[in-house]
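Participant: In the UniProt record's numbering, the protein residues as written are 1 to 161.
Ideal Cβ placement from N, Cα and C applies to all residues, glycine included.
A quick note: this is a predicted structure, and the numbers were derived from the prediction, not measured.
1. Would you kindly report the start and end of the unbroken alpha helix (DSSP H) that includes residue 71?
2. Can you list, in chain order, the residues of its chain with a C-beta nearer than 7 Å to that of residue 55? Leave out the 5 residues immediately preceding and following it.
3. Could you spell out the range, first to last residue, of the alpha helix (DSSP H) harbouring residue 60?
4. Nearest to residue 41 by CA position, among 147, 122, 149, is which residue?
5. Work out the CA separation of residue 79 and residue 44 for me, nearest whole Å.
6. Secondary structure at residue 127, three-state DSSP: helix, strand or coil?
7. Specify, as a first and last residue, the run of the alpha helix (DSSP H) that residue 107 falls within.
8. How big is the Cα-Cα spacing for residue 36 and residue 3?
9. In three-state DSSP terms, what is residue 149?
10. When you compare the CB positions of residue 131 and residue 85, do they come within less than 9 Å of one another, or not?
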């Protein structure tokens with residue numbers, strides 16, 4: 001649901017921006033806000049995928065604690081928090097440091113290079129966390145499968161022996 005919401009909102013912003021592109025080219029504040037919101041969706045999607053990985057990791061590796069750790073209230077707080085962090089980070093980079101002098105309202109013309117680097121770092125970090133968690137999940141699953149396979153072989157040896 002969270003990723004779908006981000007995709008739908010991104011589509012609405014892009015379609016709306018395409019409809020009023022002439023006005024956006026003239027109003028630099030609107031241009032910078034739209035670019036900031038675009039960054040927000042990039043960051044939020046990265047956070048959303050990372051949250052799914054964290055949820056699965058807790059469920060698989062710490063299943064007995066899952067019901068107490070992952071409550072509905074905590075999940076809502078985390079989701080709202082990721083949206084606030086995403087939007088805040090995006091707009092705080094875009095609005096104060098954006099290029100108001102550019103004639104073109106495109107991401108590469110109005111976003112400063114250090115802003116692109118910060119957004120990129122913030123966007124890639126959850127993906128690295130996701131990768132590490134899925135490796136840990138795979139190691140756990142492989143260990144469980146190996147244990148079950150070994151127990152199955154012992155039972156077979158006892159039955160034939």
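Facilitator: In terms of the structure at hand:
1. Taking the first residue of the chain shown as position 1, residue 71 is located at position 71. Premise fails: residue 71 is in no alpha helix (DSSP H) and is neither H nor E.
2. Taking the first residue of the chain shown as position 1, residue 55 is located at position 55. These residues qualify, in order along the chain: 70.
3. Against the chain shown, residue 60 aligns to sequence position 60. First-last of the alpha helix (DSSP H) with residue 60: 28-61.
4. Mapped onto the chain shown, residue 41 falls at position 41. Of the listed residues, the one whose Cα sits closest to residue 41 is 122.
5. As a working note, residue 44 is residue 44 in the chain shown. As a working note, residue 79 is residue 79 in the chain shown. Answer to the nearest angstrom: the Cα atoms are 9 Å apart.
6. Your numbering for residue 127 matches position 127 in the chain shown. Residue 127 falls in the helix class under three-state DSSP.
7. Within the chain shown, numbered from 1, the residue matching residue 107 stands at position 107. Looking at the DSSP string, the run of the alpha helix (DSSP H) that includes residue 107 is 107-110.
8. For the purposes of this step, residue 36 is taken as the residue at position 36 of the chain shown. For the purposes of this step, residue 3 is taken as the residue at position 3 of the chain shown. Cα to Cα, residue 36 sits roughly 18 Å from residue 3.
9. Against the chain shown, residue 149 aligns to sequence position 149. Three-state result, residue 149: helix.
10. Working through the chain shown from its first residue, we reach residue 131 at position 131. Working through the chain shown from its first residue, we reach residue 85 at position 85. Not a contact, by the Cβ cut-off of 9 Å.
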